[in-house]
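Visitor: Position one of the sequence shown corresponds to residue 34 (the working numbering), numbered consecutively onward.
No residue lacks a Cβ here, since even glycine has one placed at the ideal position from N, Cα and C.
Note that the structure is a prediction, hence the values are computed from the model and not measured.
Structure provided below as structure tokens; questions to follow.
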Amino acid sequence: MNETYQDPSHPASIGGVDVLHRALGRKFKVIITHHSSIKRRPIEVNSENEREVWFTLYGKKSPPSTCVLNVGDIVRISKKKLTFEKGYETNFSEELFVVSECVKRSPSVYRIKDLLGEPVLGTFYLQELQKVKLKESFPVEKILKKRAKNKRLEYFVKFKEYPNKFNQWIPASNISAI
């Protein structure tokens, strides 16, 4: 009785060598096929062309992006929120800043100063800044003191969301109730 069978361990069996060849071909197909990132088969990479392969992967430098904001523009900074935090409060600070420098890289970043001219540490991406117009009035958080100077009433005020270094004397005629 002569039965035919497929068994890769017995080369004399029908299709034994072919089955083995197909199994190994599937296993090592990654080595044989063209790699889209390096534009060649991985088996073709060697010490002679490794520099060329490196430039194929990493050699293209993106040009530095242009600056959208100009030096002297008035901006607000985005407030730090948690990832999924929601709320009805604004996402940008009340405090205003001035763009002092645009650092051209990819993407561009900005250095800013407060309204007194003191630099703020760090750099900011365009998405973290909001361009605004310099407003003529600033919200007062509280009146700290009052005095009469040259027969005029003045208030020492703290501005809303500004640090104490911005506290100053303001004539009472400049304060309006909202």
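Taking residue 109 and residue 163 to be in contact with their CB atoms under 8 Å, please state how far apart those CB atoms are, rounded to whole angstroms.
Guide: Rounded, the Cβ-Cβ distance is 5 Å, consistent with contact.
Visitor: Below 6 Å CB to CB, which residues in the same chain sit around residue 200 once its five sequence neighbours on both sides are set aside?
Guide: Cβ within range, chain order: 191.
Visitor: Check whether the stretch 123 to 135 and the stretch 144 to 163 touch, using three or more Cβ-Cβ pairs below 8 Å as the test.
Guide: Contact between the stretch 123 to 135 and the stretch 144 to 163 is present, because at least three Cβ pairs lie under 8 Å.
Visitor: Are the beta-carbon atoms belonging to residue 126 and residue 98 less than 8 Å from one another?
Guide: Not closer than 8 Å, so no.
Visitor: Nearest-angstrom Cα distance between residue 209 and residue 167?
Guide: Their backbone Cα atoms lie some 18 Å apart in a straight line.
Visitor: List the endpoints of the continuous alpha helix (DSSP H) containing residue 143.
Guide: Unbroken run through residue 143 is the beta strand (DSSP E), 142 to 147; no alpha helix (DSSP H).
Visitor: Can you list, in chain order, the stretches of the beta strand (DSSP E) that have 3 or more residues and sit fully within the stretch 154 to 209?
Guide: Whole beta strand (DSSP E) segments, 3+ residues: 162 to 164, 173 to 182, 185 to 192 and 201 to 204.
Visitor: Taking the alpha carbon of residue 137 as the reference point, which residue from 173, 96, 122 and 175 has its own alpha carbon closest?
Guide: The candidate whose alpha carbon is nearest that of residue 137 is 96.
Visitor: Please state whether DSSP places residue 76 in a helix, a strand or coil.
Guide: Residue 76: helix per DSSP, three-state reduction.
Visitor: For a test of the three-state rule: what should DSSP assign to residue 20, helix, strand or coil?
Guide: Nothing about residue 20 can be reported from this structure: the residues present for the chain run from 34 to 211 only.
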